[in-house]
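Novice:
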Amino acid sequence: MRNPYQPNINEVKLSYILHALSDPIRIQIVKFLAEEGEQHCSAFTQYTLKKSTLSHHYKVLRESGIIALRIQGRHYYYSVREADLNNRFPTLLSLILTTPSSDI
């Protein structure tokens, strides 16, 4: 199996990130991963999403450069690229994480 695409942090554009975060569920996924750390792909259960829908959200977040994927055997683990994002776009991640859910 080949590894899914993950952009180098220098390839990540602010417009890609903002587009990825245009869906409130994706913002919730980012907040969840930032709070809980690296998680198995099935860990996000706050919403009753189909597996294919959740997979799509992970793909958009991964391809935009917000989250990283680690594959171990047949298991997929996701985490927020905190250090990379903070270096590339200082304060952006903290703004996302501190925004109240009611304002999303």
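Residues in the sequence shown are numbered from 1 upward in steps of one, following the UniProt record's numbering. The C-beta atom is built at its ideal place from N, Cα and C for all residues, glycine as well. Bear in mind that the values here come from a model prediction, so they are computed numbers and not experimental data.
(1) Quick one: Cα of residue 38 to Cα of residue 80, how far?
(2) By DSSP, does residue 16 sit in helix, in strand, or in coil?
(3) Let me confirm a value: residue 58 is counted as buried when at least 16 other C-beta atoms fall within 10 Å, else exposed. Which label applies?
(4) Could you tell me which of 4, 32, 19 sits nearest to residue 101, measuring between CA atoms?
(5) Is residue 40 near residue 77, with beta carbons less than 8 Å apart?
Specialist: So, to answer that:
(1) 8 Å
(2) helix
(3) Buried, since its Cβ has 16 or more Cβ neighbours within 10 Å.
(4) Looking at the Cα atoms, 32 is the closest of the given residues.
(5) yes
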